[in-house]
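In the numbering used here, the protein residues as written are 4 to 54.
Beta carbons are placed, not taken as given, at the ideal position from N, Cα and C, and that holds for glycine.
Reviewing the structure listed below.
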Amino acid sequence: MVRAAYYGQASPPAGKFTSISAGSVHTCGLKEDGNVTCWGMDLFGQASPPF
Numbered sequence: 004m005v006r007a008a009y010y011g012q013a014s015p016p017a018g019k020f021t022s023i024s025a026g027s028v029h030t031c032g033l034k035e036d037g038n039v040t041c042w043g044m045d046l047f048g049q050a051s052p053p054f
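Put into structure tokens, the structure is as follows:
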């Protein structure tokens with residue numbers, strides 16, 4: 004059996020977002036300037052560039 008434990012809470016980076024998409028342990032947001040920023044668990048690279 005595989006068990007995962009998640010601790011803490013990731014805070015979004017500063018700035019204003021026009022769109023947000025959330026996974027179970029990571030989130031990505033489209034900022035007003037057109038850049039994509041992700042935060043949260045990055046076990047499989049889902050929160051790392053390139054997007």
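Contact set for residue i: own chain, Cβ-Cβ below 6 Å, skip 5 residues either direction
i: G18; result: K34
i: D45; result: S51
Burial state of residue i (16 or more Cβ within 10 Å)
i: G48; result: exposed
i: G43; result: buried
Which of helix, strand or coil DSSP assigns to residue i
i: F20; result: strand
i: L33; result: strand
Test item: CB-CB of residue i and residue j under 8 Å
i: G26; j: P15; result: no
Closer than 7 Å: residue i CB and nearest the ligand COA heavy atom
i: K19; result: Only the bare structure without any ligand can be found here, which leaves the ligand COA out of the picture.
Strand pairing of residue i, partner residues [DSSP]
i: D39; result: The sequence given here has Val at residue 39, not Asp. DSSP, once it has assigned bridges, lists L33 as partnering V39.
i: A25; result: T30
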